[in-house]
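Since the structure comes first, as structure tokens, the remarks are kept for the end.
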Amino acid sequence: MLPIINLQGVWRMQLDENKLGINTPYDDTITMPNTTSHARKGKRNELAEVGALTDEYAFEGWLWLEREFEVPEELEGKYCCLHLERTRVTTVWVDDIPLGTRNSLNTPHEYVLKEGLSAGTHTVRIKVDNTSYPTKGGHMTSKDTQTNWNGITGKLELKFSNEARMRDVQIYTDAMHKSITLSVKLDGELQNTQIAVSAQSFAIDEQTSGLEEAVHEVGERLYPVDHNEMSISYALGDKALLWSDDAPHLYTIAITLREESGRIIDDRDIVIGLRDFKASGDKFTINNRPTFLRGKHDGLIFPLTGYAPTDVNEWVRILSISKSYGINHYRFHTCCPPEAAFAAADMLGIYMEPELPFWGTITDESDANHNQAEQDYLIEEGFAILRSFGNHPSFVMMSLGNELWGSKEKLSAILKDYKAYDQRHLYTQGSNNFQFTPVILEEEDFFSGVRFSRDRLIRGSYAMCDAPLGHVQTDLPGTMKDYDEHIHPQQHTGLEDSHLQEQEIQIQYGTVSKTVKAAATDKELIPHLPVVSHEIGQYAMYPDFAEIEKYTGSIKAHNFEIFRERLQAKGMGHLAESFFRASGQLAVDCYKEELEAAFRSERLAGFQLLDLQDFSGQGTALVGILDAFMDSKGLISAEDWRTFCSDAVLLARFEKYNYAARETFNASVELSYYRQFPLKGETLRWECTLGDRVISEGEQLITEDHMKPYQKLGNIHVTLPNVDNMSQVSFKLSISNTDIYKSYNIWVYPEQADRQFADAPVFKELTDAALQRLEEGGSVLLLASPGQVTNAIEGLYSTDFWCYPMFRSISESMNKPVPVGTLGLLIQNDHPALQHFPSEMHSTYPWWNIVTHSSSIILDDLASDLQPIVQTIDNFERNHKLGLLFECKVGKGKVLVGSLDFAQLLSQIEGRQFIHSLLQYIESEDFEPTHEMTVHAMNQLLFK
481 MLPIINLQGV WRMQLDENKL GINTPYDDTI TMPNTTSHAR KGKRNELAEV
531 GALTDEYAFE GWLWLEREFE VPEELEGKYC CLHLERTRVT TVWVDDIPLG
581 TRNSLNTPHE YVLKEGLSAG THTVRIKVDN TSYPTKGGHM TSKDTQTNWN
631 GITGKLELKF SNEARMRDVQ IYTDAMHKSI TLSVKLDGEL QNTQIAVSAQ
681 SFAIDEQTSG LEEAVHEVGE RLYPVDHNEM SISYALGDKA LLWSDDAPHL
731 YTIAITLREE SGRIIDDRDI VIGLRDFKAS GDKFTINNRP TFLRGKHDGL
781 IFPLTGYAPT DVNEWVRILS ISKSYGINHY RFHTCCPPEA AFAAADMLGI
831 YMEPELPFWG TITDESDANH NQAEQDYLIE EGFAILRSFG NHPSFVMMSL
881 GNELWGSKEK LSAILKDYKA YDQRHLYTQG SNNFQFTPVI LEEEDFFSGV
931 RFSRDRLIRG SYAMCDAPLG HVQTDLPGTM KDYDEHIHPQ QHTGLEDSHL
981 QEQEIQIQYG TVSKTVKAAA TDKELIPHLP VVSHEIGQYA MYPDFAEIEK
1031 YTGSIKAHNF EIFRERLQAK GMGHLAESFF RASGQLAVDC YKEELEAAFR
1081 SERLAGFQLL DLQDFSGQGT ALVGILDAFM DSKGLISAED WRTFCSDAVL
1131 LARFEKYNYA ARETFNASVE LSYYRQFPLK GETLRWECTL GDRVISEGEQ
1181 LITEDHMKPY QKLGNIHVTL PNVDNMSQVS FKLSISNTDI YKSYNIWVYP
1231 EQADRQFADA PVFKELTDAA LQRLEEGGSV LLLASPGQVT NAIEGLYSTD
1281 FWCYPMFRSI SESMNKPVPV GTLGLLIQND HPALQHFPSE MHSTYPWWNI
1331 VTHSSSIILD DLASDLQPIV QTIDNFERNH KLGLLFECKV GKGKVLVGSL
1381 DFAQLLSQIE GRQFIHSLLQ YIESEDFEPT HEMTVHAMNQ LLFK
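Here the sequence shown stands for residues 481 to 1424, numbered as in this note's numbering.
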């Protein structure tokens, strides 16, 4: 290999916002690789973004870069190539000679000087333009993610070649036959040359470090060069090691172009993994065994720099965090990561899916809005991604874009061309294409979406504008839900969404709404290929304002600062951390059910979580258990998260979480299992405990030696104890000699006699009888009917979907109901009103019926001393002070207030227990509210 001239370092620079051209002399310098923002160049941006992070040195226009370099005599006249990794639209001059323009957003820019350069000093000038993109660029250019930066963030180097060179090397693996095929394209003088190939294995992942001892070497073999395009078959032998997510064995393939005399002309070391990743029926397989995609979304959010790192070690750190939470798959939303990400994924065993930088409509020539230049660019960008990163074993699949509409024929044609060009990867038409009217194209290898019809849903949560909502948002909590019947109905459900004519429908499109043409449908869509559930989760939580101080670069969290100021203005700044903790714990519970439902679904091939980490844009979507820096928020440990997100997940199916004393708890135990060793001879153990007391336990020998992805392990029946008080029972499962375990909490309630409710001082409004009781100094439980209270927000147990500001705006533009927008409960769990209804400080399943049949009263205009006993947490845009339960003095009497459906609560054991606790409280000496209200003020508050 000939020397490389590294061009990293100090460059002269000039910002040209108005694109007027270079104006020498240069007025500044910058150390490259870098972006103008990260280097804090140019005017400071005084604008504070509310819906995203703020780039304090945002710049759009032309960046001029220039420097000198020295070419030594031994490189004079050698073929050379200027290599620029990870940049925008570039134009290059060397010694004032123009070399052209490159515009790939995803792959390196290369400028070839075939005749080479003379020895001595030369000048290179680069213009970087972050405005004249051939396409909008998706998350490659969005301020919502990595910002629309300007600069060059990876390698800057001049690469030299001898009289002949290997222009391109692609390696195709065959795991079944343990061999590879090399496709080598050569240039230059090739007479009397040969290619030498050798291989040596290595493993990086610390989980498989023991495999390091089994290094496999394959001796060098020589192949005479007889053509400028060579196809070389190279067997690795029976001892060859395979690559997978759980055993990521890698090989360095050393390829040398040499003269027959032995002089090396050119050489390459290419890292590959011997793997076959395929679609087989409704499953993905890795090396002929089933694998399940435990995926996450990624939009290249890096808040310290504003751009994706090009350093392998940093990507190893990032992907290792995800893998510690059970993730084995990354779907890159309308973007492709740098090569360092693929290299790190190779090492760790992560299945990677880049996506073309497009979010829109794919048209054909008959469409009035057809943009052939943009379409040609996108198609070529796909080919460039395949050429640049296709050798990486982690690169297993590719998508044409996000939520695309338009010509199915054109989409299918693009897929066909990609598959003909490179069969190492699986392809899909896009992620959640055609939304409400999905299709499966003949050329695609797998389907990624959220539904198969309006009601055949395959995830647990949806936006209001995409209703119906999901089971996590609407259904009585239990663990029975799976998506098998929605994916592959046993009995056809009819054509509730069919329409014989093409029609216009309104959809959510990014952060806005859009009118599109939905094609005619005349039959039910039944998938015949692997199904991946798209962008599942999206459970929002309140901001953690302690995060603000972590933004030490040019990207600032002014949105967090604005949210904090809003909360302080409402007099609730002191509750910020409590709001964050309480909403975060509820979000964790929602994610647990979301993920378990996916693992319970035998017909599902994988999911793509949105997201393990926060999404900094689109209104600020704080949906991660990790923050935008990939740091834990302290809500759940990686170990506990893996109990419901890993390659081995124990699952208990039971109908509900709340039980009467002496009722039988029935659970069927199942196992989602994708490991390589059988569990025959191990023991399934289970126990139910109430405090320190074991109330029931058992074990069962696992006798089957097969390793089916989905296994039914047995049924458990427990007669729950007779309790005098509401009690929490812990149900724990584990498999001996493994790290596989699971726990659930259920609640058991004593019987509450009807007579205590019959004559209780419970009123829906301040009637004459209620006022008389108050005048006499008595106590009243005022439970206004939720439908009658106008100054309130309706009850929803789960946290808000994605981000309230974004979906409020979208719903309003579509004339659809706006989201409820709340984030769960903040409970004063030490308050005597809840003495007989023991609770956490956050929402738990005993509260589901209570919240679902409630409204939370808006208390914004009342004095700050009124602190609800149970407060519903509002989103950071509205910041209403919401009371699910609060108390006050009215006249001579005392009132405990909520907007709750009294009759409905009495029909549920947990509701009866809750009312019992409230009644006990209002008759006790502890009932001493301090906030005072008049009767008129109370009526105005509830019924104005």
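From the three backbone atoms N, C-alpha and C, an ideal C-beta is built for every residue, glycine too.
Note that the structure is a prediction, hence the values are computed from the model and not measured.
- With respect to the C-alpha of S874, the residue from E883, S1265, P817, T908 having the closest C-alpha is P817.
- Per DSSP, reduced to three states, the secondary structure at V1129 is strand.
- The three-state reading of DSSP puts G1033 in coil, since its state is none of H, G, I, E or B.
- For F1317 and I632, the gap between their C-alpha atoms comes out near 59 Å.
- If only complete runs of 4 or more residues are kept, the region 1286-1325 shows no alpha helix (DSSP H) anywhere.
- Every unbroken stretch of the beta strand (DSSP E) spanning 3 or more residues and falling wholly within the region 668-729 is given here in chain order: 673-683, 697-704, 709-715.
- CA-to-CA, the gap between T603 and E709 works out to about 35 Å.
- Excluding residues up to 5 positions away in sequence, L722, L754, R755, D756, N767 lie with their Cβ nearer than 7 Å to the Cβ of A655 in the same chain.
- Take A1062, set aside five residues on each side of it, and the residues of its chain with a beta-carbon closer than 7 Å to its own are G1304, L1305, L1306, M1321, H1322, I1353, in chain order.
- The DSSP-derived three-state label of E819 is helix.
- Annotated as proximal: I798 and M1110, with beta-carbon spacing under 8 Å.
- Per DSSP, the beta bridge partners of L1362 are I1338, T1352.
- Excluding its 5 nearest sequence neighbours in each direction, S1265 has C-beta neighbours in its own chain below 6 Å: K1244, listed in chain order.
- Within the same chain, Cβ atoms closer than 6 Å to the Cβ of I807 are found at R774, K776, the five residues on either side in sequence being excluded.
- Partner residues in the beta bridge of L562, as assigned by DSSP, are Y591, L638.
- Cβ contact annotation for Y613 (same chain, cutoff 8 Å, sequence separation greater than five): R568, V569, N583, L585, T621, in chain order.
- N871 carries a coil assignment under DSSP once its states are collapsed to helix, strand and coil.
- For H809, the beta-bridge partners assigned by DSSP are G775, Y831.
- One thing to note: T814 has its Cβ within 8 Å of the Cβ of G881.
- In this structure, the alpha-carbon of A1272 lies about 26 Å from that of G940.
- The region 1232-1244 makes contact with the region 1387-1397, as at least three CB pairs between them are under 8 Å.
- By the Cβ test, the region 956-965 is not in contact with the region 1283-1298, since fewer than three Cβ pairs between them sit closer than 8 Å.
- The straight-line gap separating the alpha-carbon atoms of F916 and G929 is approximately 10 Å.
- The beta carbons of S681 and V664 sit no closer together than 8 Å.
- The DSSP-derived three-state label of S1265 is coil.
- When rounded, the separation of the alpha-carbon atoms in T1332 and D1406 is 28 Å.
- Relative to the Cα of L1075, the nearest Cα in the group M1052, L1130, R701 belongs to L1130.
- With respect to F539, L579 sits apart: the two C-beta atoms are not nearer than 8 Å.
- By the beta-carbon neighbour count (other beta carbons within 10 angstroms, threshold 16), G618 is buried.
- The three-state reading of DSSP puts F863 in helix, counting H, G and I together.
- In this structure, DSSP gives I735 an extended state, which the three-state scheme calls strand.
- For the options G668, T843, N1138, P1007, the alpha carbon positioned closest to that of V919 is the one of P1007.
- Runs of the alpha helix (DSSP H) lying entirely within the region 1093-1149, each at least 4 residues long, are 1118-1121 in chain order.
- A1056 places its beta carbon less than 8 Å from that of L1047.
- Less than 8 Å separates the beta-carbon of K1072 from that of F1124.
- Under DSSP, S1013 shares a beta bridge with G929, F1087.
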